[in-house]
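Listed below in C-alpha cells is the structure:
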C-alpha cells in the first residue's frame, strides 16, 4: 500500500481502537511495507493528532514494543467545548418546574455526547480505569461515550432488578433531593472484585444518587477512582455529600419567577 | 499543510462527521492548499474507505458542491460481525431463568455496541431518518451508536415520566411477554411532527414493546421507517405483532434443562 493510503488506513485504525496495543510487524504485514516506512507513518499521524488536540501515539521500543493511541483532548479544546455548553444551557426557556433544567436535546445529540465523553476520558485517562459505571437512564449515553475513549466496558446500575441479568446485589439509599428511600441493583456477573471504577452521571444536586452508587460499588470492593458529572446544581440549602468529583458545568441562581439562570464552567476548569 | 498531514486530518474529520456536507473551499482555507490538491486527497480517502468497507465520500459538483462521508459498512463485514455475535451468544452459560439470555457483557462493550450501530445505520442509511427512538434502558447504547453513524438525534421513550423533561404524552400498552399493562412516556418537546423515525431495541419477543412505541409515535404523527432489533427470540407460542423489522440475530430452541440454545443470523442477512 502506498504511504498516502496507509495514512488514511492508520488514522482510522487508531481512532477506532484507542488504547489498543499494536505491534509494528502486524502493520508491516497487513499494509505490505517496511518497518521504517510504518515508523515514519506513525510520526506523521502522531504530529497531526497532537496538532489537532486529539491526543497522541504512544510508542514503546524494544522486543515487546509497539504503539497505542491515547485520546487526550487538549485542555484548551475541552474548556472551549465547556463554554459552548454553558452558553447553550443558559437559555431561560430551559427552566423547568422545581428548578430543573431541560437538557434532553443536548443529551440526545450523539455528537455532543461524544464530546462530553471525550472530555471526561481525557481527564481520567491516567487513572487506569477498568470500567465506567452509571445509573439508568440519562447518564447511560455519557458513560458509553467516556468508556469508548477509555476502551473499557460500561456497567449500568438499575433502580429495578431485571430477570435478564441473573442474580444481583442491591442496596437502599436516601435520595438527596427527594429524601425518598430508593433501591439500586447491580448484577453479580457485571463487575469483578477490586476493579478501578469511574462513575459518570448527567446531573448532581445533593449527591445522594452518587453516594448510593459508591456504597453499592463498595459491595464489589471496587475502587472509585473518579466521578464525572455533566452538570452540578449549586444548592445552598443542602450540603453536598460527595466532595471529590469533576463537573463540566455548574448551574446556579435558578430564578423561576424572573426566568433567569446562571450556568458557568464547573470545577473541571479549575483544577489543572 | 503537506499532503500526508492533510490525509490524517481529513480522515479524522470525515470519521467524526458522517453525513456532514462540507464545501471544498473550507478545506482549501483551513489546510492552506489548492482545490486540485484537496480533490486528490478526497480521492485517496474515498479509495481507502471503500477498500476497508467503511463507506465512501459522496461528491457533488457545481456551485453548491462539496463532499460528505456516507458510513456504509459493507454487507460482507456486517455479516461477518453478525456471525461473531452468534458464536458469542450461543454459549449455554448465558441461559437465564425464563429462557432469557445474558447479553449485558456484549451490550456493555462500547466497541461491540458501536459495530452494532454501524450495521444498523448502514442498512437504514438511505431512508432519510430524522431521529432514532428507543425505550429505556438496554436499547439506549445501541440507539446512540446507530444515531452517531446516521448523524441524527436520539429520543428515549421512558416507562416513567420525569419532572426534568416538561410536559409529555403517554400511552398504555400490553406487554407481549408478561401480558401486563405498562406505560410509555415521551416528552412533548422531544419529537417534531412528521419526523422519519427509526426504532432501535436490544431484544424482541412477541413485539409488544415495539408495538407500544409505534402507537406512541403515532401520537406525534411520526413515520416509522425502520425497526432494528439486536436479537429476536423465536417464540412459537406467541404470534408476533410486529412484522416489518430487521434483526441481527435470532435465538431459538432455548432448552434450559439440557443447557442448549441456537443462535443464528437474523433476517438482516436474508434480505439483501
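Chains as they are written, first to last, in the working numbering: chain A, 18 to 289; chain B, 18 to 289.
The beta-carbon is built from N, C-alpha and C at its ideal position, and this holds for glycine as well.
Predicted, not measured: the structure shown is a model, and the values here were computed from it.
Item, Value
"Since residue 153/B contacts residue 133/B with CB under 8 angstroms, what's their CB separation in whole angstroms?", "In fact, because the Cβ distance is near 18 angstroms, the residues do not count as touching under 8 angstroms."
"Can you give the beta carbon distance from residue 144/B to residue 242/B, rounded, assuming they're within the 8 angstroms contact cut?", "5 angstroms"
"Would residue 22/B pass as an interface residue toward chain A - the criterion being a Cβ-Cβ separation below 8 angstroms?", "yes"
"Let me see if you follow: with CB-CB separation under 8 angstroms, is residue 289/A close to chain B or not?", "Residue confidence is low: residue 289/A scores 49 on pLDDT, short of 50, so the model does not pin down where it sits. Its coordinate-derived value is still stated next. No, residue 289/A does not count as interfacial toward chain B."
"Comparing C-alpha positions only, which one of 224/B, 85/B, 27/B, 34/B sits nearest to residue 164/B?", "34/B"
"Inspect the CB distances between the region 260-269 of chain B and the region 236-251 of chain B and report whether three or more fall short of 8 angstroms.", "yes"
"Identify the residues that DSSP records as bridge partners of residue 85/A: which are they?", "75/A"
"For residue 134/A, which of helix, strand or coil comes out of DSSP?", "helix"
"Take residue 80/B as the anchor and find which of 121/B, 176/B, 42/B, 166/B has the nearest alpha-carbon.", "42/B"
"Who are residue 2/B's beta bridge partners in DSSP?", "The structure shown does not extend to residue 2/B, since chain B is modelled only from 18 through 289, so no value can be given for it."
"Return helix, strand or coil for residue 24/B, following the three-state DSSP convention.", "helix"
"Buried or exposed for residue 198/A, going by 16 or more other Cβ atoms inside 10 Å?", "exposed"
"Below 8 angstroms, can you find three or more Cβ-Cβ pairs linking the region 204-216 of chain A to the region 182-193 of chain A?", "yes"
"Mind checking which residues open and close the beta strand (DSSP E) that includes residue 203/A?", "198-204"
"Since residue 173/A meets chain B, which of its residues come closer than 7 angstroms, beta carbon to beta carbon?", "154"
"Does DSSP put residue 279/A in a helix, a strand or coil?", "strand"
"Name the chain C residues that come within less than 8 angstroms of residue 88/B, Cβ to Cβ?", "Included in the structure are the protein chains A and B, with no chain C among them."
"State yes or no: is the C-beta of residue 140/A within less than 8 angstroms of the C-beta of residue 285/A?", "yes"
"Near residue 219/B, which residues of its chain fall below 8 angstroms by C-beta distance, leaving aside the five closest residues on each side in sequence?", "120, 124, 155, 156, 159, 246, 247, 248"
"Taking contact to mean 3 or more Cβ pairs, one atom from each stretch, closer than 8 angstroms, check whether the region 273-280 of chain A and the region 97-117 of chain A are in contact.", "yes"
"Three-state secondary structure (DSSP) at residue 227/A?", "helix"
"Quick one: what does DSSP say residue 175/B is sitting in, helix, strand or coil?", "strand"
"Can you give the beta carbon distance from residue 151/A to residue 173/A, rounded, assuming they're within the 8 angstroms contact cut?", "6 angstroms"
"Between residue 94/B and residue 231/A, what straight-line distance do the alpha-carbon atoms span, to the nearest angstrom?", "41 angstroms"
"Check the Cβ-Cβ distances between residue 95/A and every residue of chain B, and say whether any is below 8 angstroms.", "no"
"Between residue 289/A and residue 96/A, what straight-line distance do the alpha-carbon atoms span, to the nearest angstrom?", "The predicted model places residue 289/A with a pLDDT of 49, which falls under 50 and marks its position as unreliable; any figure quoted below should be read in that light. Each residue's alpha carbon lies about 11 angstroms from the other."
"Which chain B residues sit within Cβ distance under 9 angstroms of residue 73/A?", "Result: empty, since nearest Cβ-Cβ is about 13 angstroms, beyond 9 angstroms."
"Is there at least one Cβ from chain A nearer than 8 angstroms to residue 157/B's Cβ?", "yes"
"Indicate the three-state DSSP secondary structure (helix, strand or coil) for residue 115/B in the structure shown.", "helix"
"When you compare the CB of residue 204/A with every CB in chain B, is at least one pair closer than 8 angstroms?", "yes"
"Hey, could you find the ends of the alpha helix (DSSP H) residue 161/B is sitting in?", "156-167"
"Beta-carbon of residue 62/A versus every beta-carbon of chain B: anything under 8 angstroms?", "yes"
"So, with DSSP's three-state summary, where would you put residue 64/B?", "helix"
"Does the CB of residue 239/B have a neighbour CB from chain A at under 8 angstroms?", "no"
"For residue 142/B, which residues in the same chain have their Cβ closer than 6 angstroms to its Cβ, ignoring the five residues on either side in sequence?", "89"
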